[in-house]
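For what it's worth, UniProt numbering labels the leading residue of the sequence shown as 1, then goes sequentially.
Just so you know, even glycine gets a beta-carbon here, dropped at the ideal spot from N, CA and C.
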Amino acid sequence: MGQAAWKGFALSLFDYKTAKFVVAKSKKVGLLYRVLQLTILLYLLIWVFLIKKSYQDIDTSLQSAVVTKVKGVAYTNTTMLGERLWDVADFVIPSQGENVFFVVTNLIVTPNQRQGICAEREGIPDGECSEDTDCHAGESVVAGHGLKTGRCLRVGNSTRGTCEIFAWCPVETMSMPTDPLLKDAEGFTVFIKNFIRFPKFNFSNSKNLYCPIFRLGSIVRWAGADFQDIALKGGVIGIHIEWNCDLDKAAPKCDPRYYFNRLDNKHTKSISSGYNFRFARYYRDSNGVEFRDLMKAYGIRFDVIVNGKAGKFSIIPTVINIGSGLALMGAGAFFCDLVLIYLIRKSDFYRDKKFERVRSQEKEANVELEVNEIELEQELPGDKPAEGVQQDEQPQELAQSGRKQSNSCQLFEPARSGLLEKSIKNVKQPQISQTVKTEDIAGALGREQIQR
Numbered sequence: 001m002g003q004a005a006w007k008g009f010a011l012s013l014f015d016y017k018t019a020k021f022v023v024a025k026s027k028k029v030g031l032l033y034r035v036l037q038l039t040i041l042l043y044l045l046i047w048v049f050l051i052k053k054s055y056q057d058i059d060t061s062l063q064s065a066v067v068t069k070v071k072g073v074a075y076t077n078t079t080m081l082g083e084r085l086w087d088v089a090d091f092v093i094p095s096q097g098e099n100v101f102f103v104v105t106n107l108i109v110t111p112n113q114r115q116g117i118c119a120e121r122e123g124i125p126d127g128e129c130s131e132d133t134d135c136h137a138g139e140s141v142v143a144g145h146g147l148k149t150g151r152c153l154r155v156g157n158s159t160r161g162t163c164e165i166f167a168w169c170p171v172e173t174m175s176m177p178t179d180p181l182l183k184d185a186e187g188f189t190v191f192i193k194n195f196i197r198f199p200k201f202n203f204s205n206s207k208n209l210y211c212p213i214f215r216l217g218s219i220v221r222w223a224g225a226d227f228q229d230i231a232l233k234g235g236v237i238g239i240h241i242e243w244n245c246d247l248d249k250a251a252p253k254c255d256p257r258y259y260f261n262r263l264d265n266k267h268t269k270s271i272s273s274g275y276n277f278r279f280a281r282y283y284r285d286s287n288g289v290e291f292r293d294l295m296k297a298y299g300i301r302f303d304v305i306v307n308g309k310a311g312k313f314s315i316i317p318t319v320i321n322i323g324s325g326l327a328l329m330g331a332g333a334f335f336c337d338l339v340l341i342y343l344i345r346k347s348d349f350y351r352d353k354k355f356e357r358v359r360s361q362e363k364e365a366n367v368e369l370e371v372n373e374i375e376l377e378q379e380l381p382g383d384k385p386a387e388g389v390q391q392d393e394q395p396q397e398l399a400q401s402g403r404k405q406s407n408s409c410q411l412f413e414p415a416r417s418g419l420l421e422k423s424i425k426n427v428k429q430p431q432i433s434q435t436v437k438t439e440d441i442a443g444a445l446g447r448e449q450i451q452r
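This is the structure in structure tokens:
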């Protein structure tokens with residue numbers, strides 16, 4: 001960069017910019033500005049304050065406790081179990097329901113299992129064999145039911161069999177009923193009691209004007225599933241409780257909203273689809289030998305999920321949102337400025353009116369003086385040759401009629417002096433050290449005219 005460029009850059013550091021208000025008589029830009037103002041105002045009033053309630057301080061640290069109770073009775077009559085009455089103690093696990101409870105809807109029972117030696121169930125790859133060397137003693141059967149004893153058990157003249165194992169015998173069967181065992185569970189009811197507290201506002205609530213008792217069939221249907229279908233292999237249902245409390249209103253108006261959905265993937269078809277688990281009931285015979293009934297339970301798991309927030313008026317978020325709205329107003333004005341000085345047809349005119357360079361008073365006076373002198377030279381007669389007269393003929397005429405030119409100079413001198421004096425009076429120069437005499441300037445101009 002040159003010295004002049006560096007000097008200009010250094011001087012620009014001391015420039016100061018200030019706002020200049022220009023009233024633009026443009027209907028299009030004016031209408032655009034009012035539309036933007038109205039839009040921002042409606043956004044603040046309707047969305048920010050009315051819908052989002054951004055004037056409130058928010059507490060999302062919800063503390064919650066859930067208690068559930070299931071009620072219902074079912075009757076079954078099967079070849080394996082005979083006639084049986086099922087109550088809450090039989091089909092609800094755990095008995096003390098909390099955020100999660102499970103209702104049994106289907107059951108596969110393997111009764112009277114005792115520890116001993118028996119054949120592994122067919123269909124397990126690691127338990128199949130063709131000779132004894134295929135069954136290493138002491139190894140457990142992968143995805144099986146016990147430990148290998150080292151013998152391969154074959155039925156009849158078959159070349160393939162299964163390994164002998166030490167396990168609870170007989171092993172569990174793979175039979176699957178086509179209908180749910182407890183199909184009447186659709187009419188069971190569940191009572192959900194929810195205690196909440198918002199510690200920021202020291203607000204708690206455990207009362208609900210609505211009776212939070214639901215039929216299981218209704219919950220499954222609201223979750224978008226069919227009860228008889230989900231009862232066959234089981235599934236997971238979410239019970240969502242959402243608290244949205246406006247503490248600027250009365251406390252009894254803080255009520256929860258319930259909605260339900262299915263959490264497991266019902267479209268996945270695999271051996272692990274649905275929801276099931278195993279449990280056993282142990283007994284002892286008259287000889288003191290332990291045996292058990294193994295049960296594989298299918299059913300519906302209900303997860304109670306609680307979330308929510310509470311809001312209360314606070315001056316801090318109110319001021320912050322009002323300030324944000326005012327900032328948006330400024331952004332609207334900035335956008336209209338861009339349209340005014342760059343996009344519309346008369347943008348050059350408005351841009352010149354909006355941006356103005358102002359020099360110091362001394363520089364301004366010097367510039368004005370130079371402008372006046374230029375205008376003066378343009379107005380004085382004799383500075384330019386008359387029309388039709390050649391430039392090279394003027395010195396010859398001046399030589400022949402020197403006296404005439406001198407007289408004309410004397411006649412023009414007062415007029416020229418007065419015009420110059422008028423132009424000098426119009427210039428304001430606060431720091432000029434020498435006084436310009438009108439007569440000296442007029443005489444100098446006269447002598448210059450004679451020389452010409």
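- I108 is bridged by DSSP to K296.
- Restricting attention to beta strand (DSSP E) runs no shorter than 3 residues, the region 91–178 encloses them at 100–119, 147–154, 161–169, ordered along the chain.
- Taking a cut-off of 8 Å on C-beta distances, the region 83–99 does not touch the region 121–135, as fewer than three cross pairs fall below it.
- Going by DSSP, L38 is part of the alpha helix (DSSP H) stretching over 27–42.
- In this structure H145 is in contact with I165, their Cβ atoms being roughly 6 Å apart against a cut-off of 8 Å.
- Excluding sequence positions up to five before and after L247, its CB lies within less than 7 Å of the CB of F201, F203, A310, G311, K312, all in the same chain and listed in chain order.
- The C-alpha of G224 lies about 45 Å from the C-alpha of E290.
- Exposed is the label assigned to Y342, since fewer than 16 other Cβ atoms lie within 10 Å of its Cβ.
- Under the three-state reduction of DSSP, V220 is assigned to helix.
- Spanning the alpha carbons of V23 and A331 requires a straight line of approximately 18 Å.
- Cα atoms of S140 and N287: separation of roughly 30 Å, rounded to the nearest angstrom.
- Annotated three-state conformation of V48 is helix, per DSSP.
- Look at D285 here: in three-state DSSP terms it is coil, with no helix or strand label.
- Excluding its 5 nearest sequence neighbours in each direction, F49 has C-beta neighbours in its own chain below 7 Å: Y55, listed in chain order.
- The three-state secondary structure of A24, taken from DSSP, is coil.
- The way I'd put it, the region 104–118 does touch the region 162–182; three or more beta-carbon pairs between them come closer than 8 Å.
- Under the three-state reduction of DSSP, I192 is assigned to strand.
- Membership of L338 in the alpha helix (DSSP H) is indicated by the continuous run 315–338.
- Spatial neighbours of T162 in its own chain (CB-CB distance under 8 Å, excluding positions within 5 residues in sequence) are listed in chain order as A119, E120, R121, E122, I124, G127, E128, C129, C152, L153.
- With contact defined as three or more Cβ pairs closer than 8 Å, the region 295–303 and the region 275–282 are in contact.
- For F9, the uninterrupted alpha helix (DSSP H) run begins and ends at 3–12, by DSSP.
- Taking a cut-off of 8 Å on C-beta distances, the region 182–198 touches the region 214–222, as three or more cross pairs fall below it.
- Nearest C-alpha to T68 among R34, Y75, R301: R301.
- Counting along the chain, F227 sits inside the alpha helix (DSSP H) bounded by residues 227–233.
- Within the DSSP secondary-structure output, N261 pairs in a beta bridge with G238.
- F227 counts as buried, since at least 16 other C-beta atoms from the protein chains shown sit within 10 angstroms of its C-beta.
- Judged by their CB atoms, Y275 and G234 are nearer to each other than the 7 Å cut-off.
- Apart from sequence neighbours up to five positions away, the residues of its chain that approach E83 with a beta-carbon distance below 8 Å are Y75, T76, N77, ordered along the chain.
- Taking every protein chain shown into account, the CB of I51 has fewer than 16 other CB atoms within 10 angstroms, so this residue is exposed.
- A Cβ-Cβ separation of about 7 Å places N106 in contact with P177 under the 8 Å criterion.
- The beta carbon of G238 lies closer than 7 Å to those of F260, N261, L263, D303, I305 in the same chain, with the five residues before and after it left out.
- Between the alpha carbons of I315 and D15 lies a gap of roughly 40 Å.
- Around the Cβ of I196, a 10 Å sphere holds 16 or more other Cβ atoms; the residue is buried.
- L247 is not bridged by DSSP to any residue.
- Contact between L338 and S26 is absent: CB atoms are separated by about 13 Å, not below the 8 Å threshold.
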